[in-house]
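The structure appears right after this line, and notes come after that.
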Amino acid sequence: MKPAAAIVMALLIGITHAQSPAPAPAPIPAPAPTEKAMTLTSTAFETNTALPVAFTADGDGTSPPLAWADAPKGTVSYAIMMDDPQARGFVHWIIWGIPSTESTLSAKMPRDLEVKSPAGARQGVTSWGRERPGYWGSAPGKGSGVHHYTFTLYALDSKLELAAGASPKEFKKAIEGHVLAKTMLVGLYERPD
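Numbering (my numbering), first residue to last: 774 to 966.
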């Protein structure tokens with residue numbers, strides 16, 4: 774083959790190859806839908822800010838209003854525990870059996886073991902013992918610095934079969950293996966010397 778013919782042949786092969794359509798790129802899979810993270814809020818304070826005195830032992834000692842959103846699919850009920858990590862996890866409140874149709878708790882929850890609203894909800898005792906069911910406001914030792922009162926909301930895959938008046942230890946054991954998600958709201962409180 775003459776060199777000129779070889780060049781023409783190479784050009785024709787190159788043009789033909791260049792005109793063939795490129796293979797279609799593989800489709801990009803749609804991203805998997807992600808659930809929003811569950812949130813817990815209060816109209817009385819924002820997380821990591823001062824817990825209003827009304828919700829402490831220096832005030833009325835009543836529970837703050839709480840609201841939550843974006844629970845995961847499969848949530849059957851909710852539970853809330855408020856504790857003080859600086860006081861070795863001292864528990865100030867436990868409430869469970871909150872139906873999945875609820876998304877708020879009003880302020881000043883009664884200290885009854887079984888509450889009327891939300892229907893079916895039950896409360897446990899605090900770390901103070903059997904004589905103190907329901908919410909008892911934060912009461913850090915004077916001069917012990919800032920305490921971080923942690924309200925933890927649990928989305929559960931079942932309704933807990935737990936008797937009203939259960940202890941913090943009984944509550945923690947009952948939720949094992951049933952927590953779909955949890956989120957926290959932290960209120961700060963300090964008593965000066």
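Built from N, CA and C at the ideal position, the CB exists for glycine as well.
As the structure is a prediction and not an experimental result, all values here were calculated from the model.
Kindly indicate the opening and closing residues of the beta strand (DSSP E) around residue i.
i      : result
Phe924 : His920 to Leu929
Glu887 : Where Glu887 is concerned, there is no enclosing beta strand (DSSP E), given that its DSSP letter is neither H nor E.
Leu961 : Val952 to Tyr962
Leu855 : Rather than Leu, the amino acid found at residue 855 in this sequence is Met. Run containing Met855: Ser850 to Asp857, per the beta strand (DSSP E) assignment.
Leu840 : Note that residue 840 is Ala in the sequence shown, not Leu. Its beta strand (DSSP E) spans residues Leu839 to Ala842.
Leu824 : Neither: Leu824 is in no beta strand (DSSP E) and is coded neither H nor E.
Pro906 : Gly902 to Pro906
Met814 : It should be pointed out that residue 814 corresponds to Thr in this sequence rather than to Met. Taken as a continuous stretch (DSSP letters only), the beta strand (DSSP E) holding Thr814 covers Thr812 to Thr814.
For the alpha helix (DSSP H) that residue i lies in, which residues bound it at each end?
i      : result
Lys967 : Residue 967 is absent from the structure shown; the chain starts at 774 and stops at 966.
Does residue i pass the burial test, meaning 16 or more other C-beta atoms within 10 Å, or should it be called exposed?
i      : result
Thr956 : buried
Trp909 : buried
Ala892 : exposed
Asp843 : exposed
Arg895 : buried
Pro965 : exposed
Asp885 : exposed
Ser911 : buried
Gly862 : exposed
Pro845 : exposed
Thr829 : buried
Ala947 : buried
Based on the DSSP secondary-structure assignment, which residues constitute the bridge partners of residue i?
i      : result
Ser917 : Bridge partners of Ser917: none, in fact.
Arg895 : Trp869 and Glu887
Phe863 : Asp857
Leu878 : Leu839
Are residue i and residue j closer than 9 angstroms when you measure CB to CB?
i      : j      : result
Gln859 : His920 : yes
Thr923 : Val898 : no
Ala840 : Thr814 : yes
Ala954 : Thr820 : no
Asp746 : Thr925 : Since the first and last residues shown for the chain are 774 and 966, residue 746 lies out of range.
Trp866 : Tyr851 : no
- Message: Any contact between the segment 920 to 933 and the segment 876 to 891? By contact I mean 3 or more CB pairs, one from each, below 8 angstroms.
- Response: no
- Task: Check whether the segment 869 to 878 touches the segment 911 to 919, counting contact only when three or more Cβ pairs, one atom from each stretch, lie closer than 8 angstroms.
- Result: no
- Query: Are the segment 896 to 905 and the segment 934 to 943 touching by the rule of at least three beta carbon pairs closer than 8 angstroms?
  - Reply: yes
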